[in-house]
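What follows is a set of notes on a single structure, which appears directly below.
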């Protein structure tokens with residue numbers, strides 16, 4: 002599990018993909034990879050999500066870091082694992098569901114916002130706490146959580162953009178999740194995959210600047 006957590010940290014950005022169809026999900030994923038994003042979270046709000054995960058796994062193998070998002074049932078966790086997911090993400094935290102996700106052997110991320118929810122996630126054994134919706138508190142809120150929870154891996158999702166990504170990492174994020182600011186419903190509806198690729202490249206450029214800054218520090 003340590004290796005999987007390290008891989009998440011190295012990936013930096015998870016693209017949260019909520020597509021109106023399996024085909025649009027696959028085309029958006031192709032655009033993201035072309036733009037340099039290798040972390041892909043296929044949500045269960047996407048039709049035929051396990052089939053999308055299975056196809057992407059066959060196409061890219063370990064060249065991408067592939068997971069299932071919006072996991073809300075034991076069956077969804079198991080189907081995603083069988084399809085080839087590397088990690089599982091739930092928007093909230095429930096004891097039974099977390100146990101089922103952990104039983105797959107995959108990296109588990111479950112959602113929390115308040116300190117009490119975060120404590121429950123840690124108690125139930127989640128590997129990474131997804132701070133969601135992170136846009137409600139911003140990087141300052143994430144930094145505040147770091148005080149009482151300095152050793153808990155935190156991944157904010159919601160409100161992450163290329164322009165504020167540095168603030169999120171400075172506040173203590175181990176990686177970030179990017180949804181509508183990276184893959185918008187408008188671009189998906191219009192089939193504007195070129196723009197998705199351009200945005201992916203902007204996110205990657207921002208992470209490159211972060212890596213350069215860390216190297217100078």
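In the working numbering, the protein residues as written are 2 to 218.
Glycine included, every Cβ here is placed at the ideal spot set by N, Cα and C.
Enumerate in chain order the residues of its own chain whose CB-to-CB distance from residue i is below 6 Å, with the five nearest sequence positions on each side excluded.
{"i": "residue 45", "result": "71 and 77"}
{"i": "residue 129", "result": "110, 154 and 156"}
{"i": "residue 205", "result": "37"}
{"i": "residue 88", "result": "68, 107 and 108"}
{"i": "residue 180", "result": "17"}
Buried or exposed for residue i, please, with buried defined as at least 16 other CB atoms from any protein chain shown within 10 angstroms of its CB.
{"i": "residue 127", "result": "buried"}
{"i": "residue 97", "result": "exposed"}
{"i": "residue 64", "result": "exposed"}
{"i": "residue 91", "result": "buried"}
{"i": "residue 59", "result": "exposed"}
Among the options, whose alpha-carbon lies nearest the alpha-carbon of residue i?
{"i": "residue 133", "options": "147, 85, 159 and 191", "result": "159"}
{"i": "residue 175", "options": "211, 121 and 194", "result": "211"}
{"i": "residue 144", "options": "43, 125, 167 and 66", "result": "167"}
{"i": "residue 234", "options": "75, 164 and 115", "result": "Look at the range of the chain in this structure, 2 to 218, and you will see that residue 234 is not part of it."}
{"i": "residue 102", "options": "114, 117 and 83", "result": "83"}
{"i": "residue 24", "options": "5, 12, 57 and 16", "result": "57"}
{"i": "residue 150", "options": "137, 122 and 177", "result": "122"}
{"i": "residue 1", "options": "99, 27 and 147", "result": "Past the boundaries of the shown model lies residue 1; the chain is included only from 2 to 218, so the question cannot be answered."}
{"i": "residue 108", "options": "186, 201, 203 and 85", "result": "85"}
{"i": "residue 135", "options": "12, 112, 125 and 22", "result": "112"}
{"i": "residue 140", "options": "114, 173 and 119", "result": "173"}
Ends of the alpha helix (DSSP H) at residue i?
{"i": "residue 59", "result": "50 to 61"}
{"i": "residue 89", "result": "No alpha helix (DSSP H) holds residue 89; the beta strand (DSSP E) holding it covers 88 to 91."}
{"i": "residue 98", "result": "96 to 104"}
{"i": "residue 76", "result": "75 to 84"}
{"i": "residue 141", "result": "139 to 147"}
{"i": "residue 122", "result": "116 to 125"}
Does DSSP put residue i in a helix, a strand or coil?
{"i": "residue 157", "result": "strand"}
{"i": "residue 111", "result": "strand"}
{"i": "residue 176", "result": "coil"}
{"i": "residue 183", "result": "coil"}
{"i": "residue 40", "result": "strand"}
{"i": "residue 1", "result": "No information on residue 1 is available, as it lies outside the stretch 2 to 218 that the chain covers here."}
In chain order, what residues of the same chain lie with their CB nearer than 7 Å to the CB of residue i, ignoring the 5 residues before and after it?
{"i": "residue 217", "result": "Interpretation of residue 217 is limited by its pLDDT of 48, a score under 50 that renders its predicted location unreliable; no figure is taken from the coordinates."}
{"i": "residue 8", "result": "66"}
{"i": "residue 18", "result": "26, 29, 30, 41, 42, 43, 44, 47 and 184"}
{"i": "residue 50", "result": "43, 44 and 69"}
{"i": "residue 182", "result": "161 and 162"}
{"i": "residue 55", "result": "84 and 85"}
By Cβ distance below 8 Å, which residues in the same chain neighbour residue i in space, the five residues on each side in sequence not counted?
{"i": "residue 198", "result": "32, 33, 35 and 36"}
{"i": "residue 79", "result": "101 and 105"}
{"i": "residue 116", "result": "146, 149 and 150"}
Looking at the unbroken beta strand (DSSP E) that takes in residue i, where does it start and where does it end?
{"i": "residue 69", "result": "66 to 70"}
{"i": "residue 32", "result": "Premise fails: residue 32 lies in the alpha helix (DSSP H), 23 to 35, not in any beta strand (DSSP E)."}
Does chain D have any CB closer than 8 Å to the CB of residue i?
{"i": "residue 191", "result": "The structure shown contains no chain D; it holds only a single protein chain."}
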